[in-house]
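Notes follow once the structure below has been shown.
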Amino acid sequence: MNLKDILVINPEVQKAIDENKPVVALESTIISHGMPYPQNVETALNVEKIVRDNGAIPATIAIIGGKLTVGITPDEIDYLGKKGLNVTKASRRDIPILVSRGEDGATTVAATMIIASLAGIKVFGTGGIGGVHRGAETTMDISADLEELSNTNVAVVCAGAKSILDLGLTLEYLETKGVPVIGYQTEELPAFYTRESGFNVNYRMDTPTEIAKALKAKEDLNMTGGMVITNPIPMEYAMDSAYISKAIEEATVEADKLGIKGKETTPYLLDKIQKITEGKSLEANIQLVYNNVKLAAQIASELCNIK
25 MNLKDILVIN PEVQKAIDEN KPVVALESTI ISHGMPYPQN VETALNVEKI VRDNGAIPAT
85 IAIIGGKLTV GITPDEIDYL GKKGLNVTKA SRRDIPILVS RGEDGATTVA ATMIIASLAG
145 IKVFGTGGIG GVHRGAETTM DISADLEELS NTNVAVVCAG AKSILDLGLT LEYLETKGVP
205 VIGYQTEELP AFYTRESGFN VNYRMDTPTE IAKALKAKED LNMTGGMVIT NPIPMEYAMD
265 SAYISKAIEE ATVEADKLGI KGKETTPYLL DKIQKITEGK SLEANIQLVY NNVKLAAQIA
325 SELCNIK
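Each residue of the sequence shown is one higher than the last, beginning at 25 in the numbering used here.
Now the structure itself:
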């Protein structure tokens with residue numbers, strides 16, 4: 025088995041890569057684990073449309089029948105949406121197992137970065153990255169996303185780290201690993217559902233062109249690792265900080281009581297928060313993803329324009 029046997033790139037995506045046209049990688053856990061069917065499929069298709077409307081080619085990534093698939097079809101998106109939680113939530117550790125068994129996997133941020141890099145895609149738009157979980161000083165629960173960001177040359181556009189996490193420790197971890205954290209038109213790290221966190225990013229950048237130039241400079245310097253571009257949720261969809269903090273606290277206590285740990289933690293907390301907020305957090309989640317992939321497409325376009 026060699027890479028060309030297991031890496032399947034949609035012809036439209038491959039053509040764009042070959043011709044130095046902008047391509048944006050998209051994850052698939054948002055389809056299988058992010059929300060119920062058919063809203064998950066509708067959201068994924070809308071995300072692809074927004075990328076196209078902003079001048080780039082979407083490449084939703086998943087593992088389908090053991091193949092690392094870059095640019096899955098609408099039918100494959102529907103398949104993952106219907107299969108839902110029965111699809112393996114695939115991070116770095118899961119990729120070789122799923123490939124060897126010929127199984128399906130919905131890719132997390134870490135796995136999407138790996139497969140995007142193998143395909144030659146440099147920009148990835150998502151909701152929020154994983155990070156250091158609350159209480160990690162005893163549980164050691166730290167997302168593989170952070171380690172991937174230190175190793176894999178893909179820029180990740182997100183609304184910050186998910187606010188269920190310890191944002192201060194997440195920033196410290198990224199700093200230790202030398203990963204730049206950029207704020208798009210903000211100096212403050214956005215906290216997923218809200219625009220503020222109380223923590224500062226490393227640098228503020230106000231245009232997609234400025235961000236693209238930084239990415240190109242990093243590439244020219246042969247510096248390994250990714251870059252985190254944080255993009256605050258639009259004001260009209262942002263949730264009240266005290267309200268969402270209370271919901272997160274309630275959900276976290278419930279998860280602790282039930283003994284939920286590891287990779288089950290984030291899906292459980294997001295689902296519980298959605299129920300506590302009567303769906304408001306899910307709507308915020310969808311809107312921030314739309315906002316992020318729009319910026320990702322603009323950055324990818326500018327990156328292709330740099331000579």
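Don't be surprised by glycine CBs; every beta carbon is placed ideally from N, CA and C.
Cβ contact annotation for residue 102 (same chain, cutoff 7 Å, sequence separation greater than five): 65, in chain order.
Scanning the region 237-269 from its first residue to its last, the whole beta strand (DSSP E) runs of 3-plus residues come out as 251-254.
Nearest C-alpha to residue 158 among 317, 285, 320: 285. Look at residue 212 here: in three-state DSSP terms it is strand. Looking at the DSSP output, residue 224 sits in a beta bridge with 212. As computed with DSSP, residue 229 is found in a beta bridge with 208. Under DSSP, residue 113 takes part in a beta bridge, and its partners are 130. Contact annotation: the region 187-207 touches the region 258-278, with at least three C-beta pairs closer than 8 Å. Under DSSP, residue 201 takes part in no beta bridge, so it has no partner. Each of 249, 226, 290 was checked against the Cα of residue 196, and the nearest Cα belongs to 226.
The beta-bridge partner set that DSSP reports for residue 91 consists of 88. Of the residues assessed, residue 128 falls on the buried side of the cut-off, its CB having 16 or more other CB atoms within 10 angstroms. A residue is called buried when at least 16 other Cβ atoms come within 10 angstroms of its Cβ; residue 248 does not meet this threshold and is exposed. Sequence-distant partners of residue 202 (beyond 5 residues in either direction) whose C-beta falls short of 7 Å from its own C-beta, in its chain, are 174, 249. Annotation for residue 105: the continuous alpha helix (DSSP H) segment containing it runs 98-107. In the DSSP assignment, residue 49 falls within the unbroken beta strand (DSSP E) covering 47-50. For residue 131, the closest alpha carbon among the candidates 182, 55, 81, 299 is that of 55. If you draw a straight line from the Cα of residue 243 to the Cα of residue 278, it is about 44 Å long. Between residue 148 and residue 136, the C-beta gap is smaller than 8 Å, which places the two residues in contact.
Going by DSSP, residue 33 is part of the beta strand (DSSP E) stretching over 31-33.
Between residue 85 and residue 179, the CB-CB gap reaches or exceeds 8 Å. Taken atom to atom, the span from the alpha-carbon of residue 151 to that of residue 169 is near 13 Å. Annotation for residue 47: 37, 40, 41, 80, 81, 83, 145, 324 place their beta carbon closer than 7 Å to its own, counting only its chain and skipping 5 residues before and after. The alpha carbon of residue 141 has as its nearest neighbour, out of 328, 94, 236, the alpha carbon of 94. Counting of Cβ neighbours within 10 angstroms places residue 25 among the exposed residues, the total staying below 16. Annotation for residue 181: the continuous beta strand (DSSP E) segment containing it runs 179-182.
Residue 299 and residue 217 have their alpha carbons spaced roughly 15 Å apart. Sorting 276, 72, 210, 205 by C-alpha distance to the C-alpha of residue 292 places 276 at the top.
Residue pairing for residue 147: DSSP places it in a beta bridge opposite 48, 179. For residue 318, the enclosing alpha helix (DSSP H) starts and ends at 304-329. Pairing residue 320 with residue 263 gives a Cβ-Cβ distance that is not under 8 Å.
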